[in-house]
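Quick notes on the structure that follows.
Take a look at the structure:
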């Protein structure tokens, strides 16, 4: 399956990894996200504010931006006709300027419920050092 084609319920197997969503983050990405969400919080915009909050490297990325990366990964995979039914995540580690973040997902289950083709996934955002920053779970409904 290519990134441009949506998966079918039959083609998915437990253990399959879905296509990753990768971004390198810094002030430009954080400012775009802040502008859309009216989230101009000093710890995400100013190195001195980030250090005052206890992050010696300065400003750090928004947790919800990583959640958005997970949503982007899922949406690209399921296509326009699929639906994200649930998504939960925990913020375990900060992301710093210049981090390469990879949203990843692995199929852990699938079932048909009330006619819906549901796929359950373990998801995370991993940094360039292999550190889990945003582990979670998702359920998507595929187009039938």
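Numbering (the UniProt record's numbering), first residue to last: 1 to 144. Glycine residues also receive a C-beta, built at the ideal position from the N, C-alpha and C atoms.
DSSP-derived helix/strand/coil call for residue i
i           : result
residue 3   : Below a pLDDT of 50, predicted positions are generally treated as unreliable, and residue 3, at 48, falls in that range; the measurement from the model is reported next regardless. Coil at residue 3, not helix or strand.
residue 98  : coil
residue 106 : strand
residue 47  : helix
residue 78  : helix
residue 136 : strand
residue 20  : coil
residue 39  : coil
residue 93  : coil
residue 15  : coil
residue 111 : strand
residue 143 : coil
residue 34  : helix
residue 117 : strand
Whole-number beta carbon distance between residue j and residue i, since they are thought to touch under 8 Å
i           : j           : result
residue 125 : residue 138 : Not a contact, Cβ separation roughly 12 Å.
residue 59  : residue 80  : Actually they do not touch by this definition, with Cβ atoms about 35 Å apart.
residue 127 : residue 24  : At roughly 10 Å, the Cβ-Cβ gap does not stay under 8 Å, so residue 127 and residue 24 are not in contact.
Proximity of residue i and residue j at Cβ, strictly below 7 Å
i           : j           : result
residue 104 : residue 119 : no
residue 54  : residue 30  : no
residue 91  : residue 130 : no
residue 49  : residue 42  : yes
residue 144 : residue 95  : no
residue 33  : residue 65  : yes
Neighbourhood of residue i by C-beta distance below 6 Å, restricted to the same chain and skipping five residues each side
i          : result
residue 97 : 26
residue 22 : 102
residue 70 : 103, 123
residue 16 : 107
Chain-order list of residues whose beta-carbon lies under 8 Å from that of residue i (same chain, five-residue window excluded)
i           : result
residue 110 : 9, 12, 14, 117, 118, 119, 120
residue 135 : 89, 90, 92, 122, 123, 124
residue 83  : 140, 141
residue 44  : 30, 34, 50, 59, 60, 61, 62
Distance cut-off 6 Å: residue i Cβ against heavy atoms of the ligand ADP
i          : result
residue 60 : As presented, the structure is devoid of all ligands, the ligand ADP included, so that no description of it is given.
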